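Chains as they are written, first to last, in this note's numbering: chain A, 8 to 594; chain B, 4 to 194.
Where a beta carbon is used, it is the ideal one built from N, C-alpha and C, also for glycine.
Because the structure is a prediction, the values reported are computed rather than measured.
A short worksheet on the structure shown next.
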């Protein structure tokens, strides 16, 4: 637009226009247009996403964006999910809450993932934010029901409390009872991670009965089956429901009560839970099955015939999570019944057994790819695969955006040809042009990385394990993948050369994780010196890496870009080049 | 008291090492096992990391068909915890307790099963948090240091580490806290 026009629009008008721009990327572009747009934009940005809590300091965020209402923070690296990050590594939210308590009195939403949240933080949230509405703690730990009680007691306008997959300590406080009788605002409640001691069922019932806007309720495992019907009758408006444990033997009175309750729930679209489910109870949910778009049966240890029966009642299914008990036959049934399927995740029922305990092979995934044209996201654990199958999948599912394949035994080759899977994964990246996430497994040489570097131009996240032959593999990825943000690697022969050659690339990414690879401490120090805005952290519990020869390889390496400098809360087993500076807190 | 007896009767003290190995190497083995167990390992995994890190470990482990790799296959702890295989092999699960220290911003987790007695536990805690606990006596608690190891038991009471026999301690300890200064004084045994 002509420069004159841009200056002639009053700030309020620009601000109004900007309010229609929601995505972070677009807002960042807007703020780069000129200084006045930067100023206007920063005052009206309401939502902040910080993908790595150490990439920036809370003070810096507050300084630039003074009126934030919603913040999302992520802490530990993804591989923390698989026990690769030792306890005490970091990811503490308290410094953020402390700063925001003073700066953002009108903060409404806090979403955290893989962070350590102490009760003190929850108490501070409860005290500081008068209009607090949304608390999501995904895969977090460090807090107890004491902290939850503080939230329940103080947050009158709380709409959403989601503790998905967090570890909560039981402090024997009946925290649910701390919601006052006048509290009626709950819209979404997920307490599926809590144990039996931590939820008083009568308090839960009373809460549900007085919250007419409740749309999503995910119960914890220990709520008995006969109580489920009661809850459902109190909340027939539910859209999303997580059931409790189903392990009682079939009783016809319980069954009919349950069936009746479900049939009242006309809005129900998503079901999960189903721990220890007895398949005889499934018909109780048939009345809602035709409308279901999302079904999570990944904790249900039931066999293929029952799964097939259930799935054949759900033609509208868009998302299915299931165990490998579904077997190839079940996936074939899925492919013919559920033409709207967009996401499929198949988890292993017995991952540590050498022998497969269910007849699930590459055939099941091929069937789904052939039968479900809208397939976009796949997570698949299996014990055998072939390049031919991968090529078929790639050709029939070109719309895949997320493809994560886990062939359980490391270094498994194509069972038909004995070859590595370079060609198969190569086909995936060639055909699936919108692929943003990829996880590799099986026998792989440097070749597959050449394909990835050459073709996976939109790839943002890559996970690699037990693959490759040399530094060349890593070099292909770092030099070729233009959109790469997160790279996580374990047990690969990648070392110093590829990292040092592509040092500049590392600052364009959010983070890089490498464990059990061939990177030396010397290279880490060099990289750290070359790239001042890269925090290079070595995780090594054997003691100071300096005490070993410089070419000795480090155990684990986590590097991430940051404008905040080195962090102050590193535990004794995290080493950086700034060892001599007293940056770590001493007890 | 049980704690002092552990200190004195070296000859009959249970150790991790083979007979004939020195105290020093036994302690080193403890630390080696401790370090490898610092990951939040589950029963199946703790078996494997024990197998690789410390062959002399006293823990009974059923022979595995093959060595398991830490963190592989990539399944989240939450899922593993919620989906125990129906056939339990009689694996001995660890006793994992959280450890915090006043003033330190981080929590650690340790497996009490790894230790045979209080001296090893205290040494491990001292190494983990870089402090010295002082001399323990039944009457006066810990002397000579502002840091005092305490634990919360099943009844929710806070006790001094060392006050009860080791077995009773491992059965009742819910979490550990290394207290600092005056707060800890009140916990000393009063006649």
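Where the alpha helix (DSSP H) through residue i begins and ends
i                     : result
residue 102 (chain A) : 101 to 110
residue 454 (chain A) : 453 to 462
residue 52 (chain A)  : Where residue 52 (chain A) is concerned, there is no enclosing alpha helix (DSSP H), given that its DSSP letter is neither H nor E.
Neighbourhood of residue i by C-beta, 8 Å cutoff - its chain only, sequence neighbours within 5 removed
i                     : result
residue 297 (chain A) : 320, 321, 322, 323
residue 31 (chain B)  : Legend: pLDDT at residue 31 (chain B) = 41, less than 50; position of this residue unreliable, value from coordinates given subsequently. If we look at residue 31 (chain B) and ignore the five residues flanking it on each side, it has no Cβ neighbours.
residue 411 (chain A) : 385, 386, 387, 444, 445, 446, 470
residue 153 (chain B) : 161, 162, 163, 164, 179, 180, 181, 182, 187, 190
residue 405 (chain A) : 438, 439, 440
residue 46 (chain A)  : none
CB of residue i within 8 Å of CB of residue j, strictly
i                     : j                     : result
residue 145 (chain A) : residue 567 (chain A) : no
residue 545 (chain A) : residue 582 (chain A) : yes
residue 396 (chain A) : residue 335 (chain A) : no
residue 49 (chain A)  : residue 75 (chain A)  : no
residue 333 (chain A) : residue 301 (chain A) : no
residue 304 (chain A) : residue 337 (chain A) : no
residue 370 (chain A) : residue 407 (chain A) : no
residue 355 (chain A) : residue 415 (chain A) : yes
residue 116 (chain A) : residue 77 (chain A)  : yes
residue 83 (chain B)  : residue 101 (chain B) : no
residue 473 (chain A) : residue 417 (chain A) : yes
residue 243 (chain A) : residue 271 (chain A) : yes
residue 477 (chain A) : residue 498 (chain A) : no
Selected residue, minimal CA-CA separation from residue i, among the options
i                     : options                    : result
residue 343 (chain A) : A:313, A:379, A:166        : A:379
residue 185 (chain A) : A:83, A:548, A:209, A:506  : A:209
residue 489 (chain A) : A:532, A:513, A:472        : A:513
residue 181 (chain A) : A:173, A:81, A:152, A:170  : A:152
residue 454 (chain A) : A:483, A:438, A:442, A:463 : A:483
residue 275 (chain A) : A:477, A:239, A:167, A:307 : A:239
residue 169 (chain B) : B:130, B:157, B:121        : B:121
residue 216 (chain A) : A:190, A:201, A:225, A:198 : A:190
residue 230 (chain A) : A:257, A:401, A:201, A:377 : A:201
residue 529 (chain A) : A:389, A:345, A:564, A:520 : A:564
residue 60 (chain A)  : A:449, A:541, A:100        : A:100
residue 280 (chain A) : A:257, A:247, A:287        : A:247
residue 261 (chain A) : A:389, A:286, A:234        : A:234
residue 195 (chain A) : A:203, A:171, A:178        : A:171
residue 520 (chain A) : A:504, A:543, A:221        : A:543
residue 509 (chain A) : A:492, A:493, A:534, A:499 : A:534
residue 220 (chain A) : A:193, A:241, A:228        : A:193
residue 259 (chain A) : A:242, A:288, A:277        : A:288
residue 188 (chain A) : A:161, A:348, A:179        : A:161
Sequence-distant residues of its chain with Cβ nearer than 6 Å to residue i (five each side left out)
i                     : result
residue 137 (chain B) : 145, 146, 147, 148
residue 157 (chain A) : 129, 130, 133
residue 430 (chain A) : 394
residue 357 (chain A) : 364
residue 226 (chain A) : 249, 251
residue 118 (chain A) : 79, 143
residue 149 (chain A) : 123, 124, 125
residue 409 (chain A) : 384, 444
residue 578 (chain A) : 95
residue 45 (chain B)  : Caution is warranted here: a pLDDT of 36 is assigned to residue 45 (chain B), below 50, making its placement in the model unreliable, and the coordinate value is therefore given only provisionally. For residue 45 (chain B), where only same-chain residues beyond five positions count, the Cβ hits under 6 Å are 83.
residue 177 (chain B) : 155
residue 562 (chain A) : 547
Residue span of the beta strand (DSSP E) that contains residue i, given as start and end
i                     : result
residue 249 (chain A) : 247 to 249
residue 167 (chain A) : 167 to 169
residue 468 (chain A) : 468 to 472
residue 152 (chain B) : 150 to 155
Neighbourhood of residue i by C-beta, 7 Å cutoff - its chain only, sequence neighbours within 5 removed
i                     : result
residue 462 (chain A) : 436, 437
residue 211 (chain A) : 183
residue 588 (chain A) : With a pLDDT of 45 at residue 588 (chain A), under the threshold of 50, the modelled position of that residue is not reliable, and the figure given next carries that caveat. Same-chain partners within the cutoff: there are none.
residue 87 (chain A)  : 121
residue 309 (chain A) : 284, 286, 332
residue 66 (chain A)  : 106
Which residues, in chain order, does the region 270 to 300 of chain A contribute to contact with chain B at a C-beta distance below 8 Å?
Contact residues of the region 270 to 300 of chain A toward chain B are 282 (C-beta to C-beta distance below 8 Å).
Members of the region 69 to 81 of chain B near chain D, C-beta cut-off 9 Å:
Chain labels in this structure do not include chain D; the protein chains are A and B.
Residues in the region 111 to 122 of chain B with C-beta within 8 Å of chain A's C-beta atoms, listed in sequence order?
For the region 111 to 122 of chain B, which is checked against every Cβ of chain A, the residues closer than 8 Å are 111, 112.
Could you please tell me which residues of the region 304 to 329 of chain A, in chain order, have their CB closer than 8 Å to any CB of chain B?
Residues 305, 306, 308.
Could you run through the region 131 to 150 of chain B and flag, in chain order, every residue whose CB is less than 9 Å away from some CB of chain A?
Within the region 131 to 150 of chain B, the residues whose Cβ lies closer than 9 Å to some Cβ of chain A are 131, 132, 133, 134, 150, listed in chain order.
What are the residues of the region 141 to 173 of chain A that lie near chain B, defined by any Cβ-Cβ distance shorter than 8 Å?
Here the close residues are 146, 149, 172.
Members of the region 148 to 176 of chain B that neighbour chain A once the beta carbon cut-off is set at 9 Å:
Within the region 148 to 176 of chain B, the qualifying residues are 150, 159.
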